[in-house]
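Structure record follows, encoded as structure tokens.
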Amino acid sequence: LIDGIFKLAMSDFHEPINLGNPREMTIKQFGDEIIRLTGTKSTIEYKPLPVDDPKVRQPDISRAKKILGWEPRVNFEEGITRTIEYFRQSLQSQGTP
């Protein structure tokens, strides 16, 4: 993702480009994956969604591929696992269990 942001910043392109993992998933699926990968007993709290909120998140990264020559190099699970580990280490270094 950082590589894509860098390539966009260094380009002459000034229109929106989606950067992200094109794997389609709902917010519930995303939350379920976070709970599974963290191994916590967390529960999902449901709140009303905005009227125009998309039910499924799946970025169209075709512009990023075509204009920037960019596509994700890390799959969803690996990226989330790395992110979880980063925050665990950060919290531990601050003395938070």
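Here the sequence shown stands for residues 28 to 124, numbered as in my numbering. All residues carry an ideal CB built from backbone N, CA and C; glycine is no exception. It should be emphasised that the depicted structure is a prediction, and the values quoted were computed from it without experimental measurement.
| query | result |
| --- | --- |
| Anyone know if the C-beta pair for A91 and L46 falls short of 7 Å? | yes |
| Just to confirm, is the Cβ distance from L64 to T108 under 7 Å? | yes |
| Report the residue from K82, Q85, I61, D79 whose alpha carbon sits nearest the alpha carbon of G106. | I61 |
| Near F103, which residues of its chain fall below 6 Å by C-beta distance, leaving aside the five closest residues on each side in sequence? | N48, R50 |
| Alpha carbon to alpha carbon, what distance is there between E98 and D87? | 11 Å |
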